[in-house]
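Working notes, beginning with the structure itself.
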Amino acid sequence: MSASEGSHIVLAMDESNHPVRALKFILTNLVHTAEDTITTLVVIQSEAEREATVSRTKTLVSAIYDSFPNACKFSIKTIVASSASQVGPKICEFVETSTPDMLVLGSAGKSHLEGMMVGSVSNYAISHANCPVLVARLTTADESRLERRGKKVPTKTEPFWLS
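So for the sequence shown, full-length UniProt numbering puts the first residue at 1; every next one is plus one.
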């Protein structure tokens, strides 16, 4: 990536608040110029979910972006990929074809044992993605620090959240 190209960051999203926290981290720490691009990637189980998922994801991302009044203007794209099976492989497949500078995931904060037993998208991506992977685990203390900097932290309210 040259300095004039800007960075391309892929944020894998689901309906939990962990990707929301990861997006806040991206807006605070990773995007700085109008040339930067964020692609939000949502993996759905069936095509019937596509239209509603795109709408809700765009609304959510806009609400978060708007809560950062000092955020630079940059491009945000939403991509919805369909996979009836595993989410991790679908994310890595997308990353392989889109060649971003970084993949960012929110973390549910599972213990190592829980991750091994029920699987972990983050662990899969760390092991298989062909780009750097950042697992952003924004804590309540981190959110408080953002608020002290004058950045409003959105709360979980309808209609912004996937049900």
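The C-beta atom is built at its ideal place from N, Cα and C for all residues, glycine as well.
Bear in mind the structure is a predicted one, so any value in this text is a computation, not a measurement.
Through-space distance from residue j to residue i, alpha-carbon basis
| i | j | result |
| --- | --- | --- |
| Val10 | Ser62 | 16 Å |
| Ser83 | Gln45 | 5 Å |
| His8 | Met102 | 7 Å |
| Glu5 | Thr99 | 13 Å |
| residue 164 | Arg148 | In the structure displayed, the chain extends from 1 to 163; residue 164 sits before or after that span and is not available. |
| Lys24 | Tyr65 | 8 Å |
| Asn29 | Ala12 | 17 Å |
| Arg145 | Val80 | 32 Å |
| Tyr141 | Val135 | In the sequence on display, residue 141 carries Ala and not Tyr. The alpha-carbon atoms of Ala141 and Val135 are separated by roughly 17 Å. |
| Thr121 | Thr37 | For the record, residue 121 in the displayed sequence is Val; it is not Thr. Those two C-alpha atoms are separated by around 23 Å. |
Start-to-end residues for the alpha helix (DSSP H) that takes in residue i
| i | result |
| --- | --- |
| Lys77 | It is not in any alpha helix (DSSP H) - Lys77 instead sits in the beta strand (DSSP E) that spans 75 to 82. |
| Val61 | 50 to 66 |
| Val95 | 87 to 98 |
| Thr28 | 18 to 29 |
Beta strand (DSSP E) segment containing residue i, residue limits
| i | result |
| --- | --- |
| Leu11 | 8 to 13 |
| Ala129 | Segment: none, Ala129 is in no beta strand (DSSP E) and carries neither H nor E. |
| Thr39 | 37 to 44 |
Residue of the options minimising C-alpha distance to residue i
| i | options | result |
| --- | --- | --- |
| Ile126 | Thr140, Ser107, Ala141, Ser144 | Ser107 |
| Thr59 | Thr78, Arg137, Glu35 | Thr78 |
| Lys16 | Glu47, Ser83, Arg137, Thr99 | Position check: residue 16 holds Ser in this sequence, whereas Lys was assumed. Answer by Cα proximity: Arg137. |
| Lys73 | Asp101, Ser120, Ser7, Ala34 | Ala34 |
| Glu93 | Ser144, Phe25, Leu41 | Leu41 |
| Asn130 | Ser120, Pro89, Thr28, Thr140 | Pro89 |
| Leu27 | Ala48, Val54, Ile76, Thr53 | Ile76 |
| Phe68 | Val31, Val54, Ala52 | Val31 |
Residue i classed as buried or exposed, judged by whether at least 16 other C-beta atoms fall within 10 angstroms
| i | result |
| --- | --- |
| Thr97 | exposed |
| Val118 | With a pLDDT of only 47 at Val118, under 50, the local geometry of the prediction cannot be trusted, and the value read off the model is given with reservation. Exposed, since its Cβ has fewer than 16 Cβ neighbours within 10 Å. |
| Pro132 | exposed |
| Ala52 | exposed |
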